[in-house]
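Just remember that the working numbering sits 114 ahead of the position in the sequence shown, which is counted from 1.
I have placed the structure first, in the form of structure tokens, so that the comments after it can refer back to it.
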Amino acid sequence: RLKNPLKTIRQYKQKRGMAYLTDIKDWLGGYPFEYAKIEEVLQFCRKKLNLELINIKTGEANTEYLFRKK
């Protein structure tokens, strides 16, 4: 049996914590994206932004960086 798409959209925020259209805009706004290697990010932040790496967390999809000003 098919689900009612309007009901699904109305209930979306309760399940996801974000309005359906906001989630769609965020998803679409992320494309196209440019991939950068960790070393490229570190080099840019050191040389161009004068930042020092404090901590880094790597994972499957996201890399989290913690920097401070030199």
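Note that beta-carbon positions come from the ideal geometry of N, C-alpha and C, so glycine has one too.
**Item:** Residues bridged to Tyr179 [DSSP beta-bridge criterion]
**Value:** DSSP output for Tyr179 lists Ile170 as bridge partner(s).
**Asked** Could you give the residue range of the alpha helix (DSSP H) that holds Phe158?
**Response** Note, Phe158: alpha helix (DSSP H), 152-161.
**Message:** Could you tell me the alpha carbon to alpha carbon distance between Phe181 and Glu166, rounded to whole angstroms?
**Reply:** Rounded to whole angstroms, Phe181 to Glu166 spans 5 Å at the Cα level.
**Request:** Could you tell me which residues DSSP pairs with Leu165 in its beta bridges?
**Result:** The partner list for Leu165 (beta bridge, DSSP) reads Lys183.
**Message:** Within a Cβ cutoff of 6 Å, which residues of the same chain sit near Tyr126, ignoring the five residues on either side of it in sequence?
**Reply:** These residues qualify, in order along the chain: Tyr134.
**Prompt:** Are the beta-carbon atoms belonging to Ile168 and Thr177 less than 8 Å from one another?
**Reply:** No, Cβ-Cβ distance for Ile168 and Thr177 is not below 8 Å.
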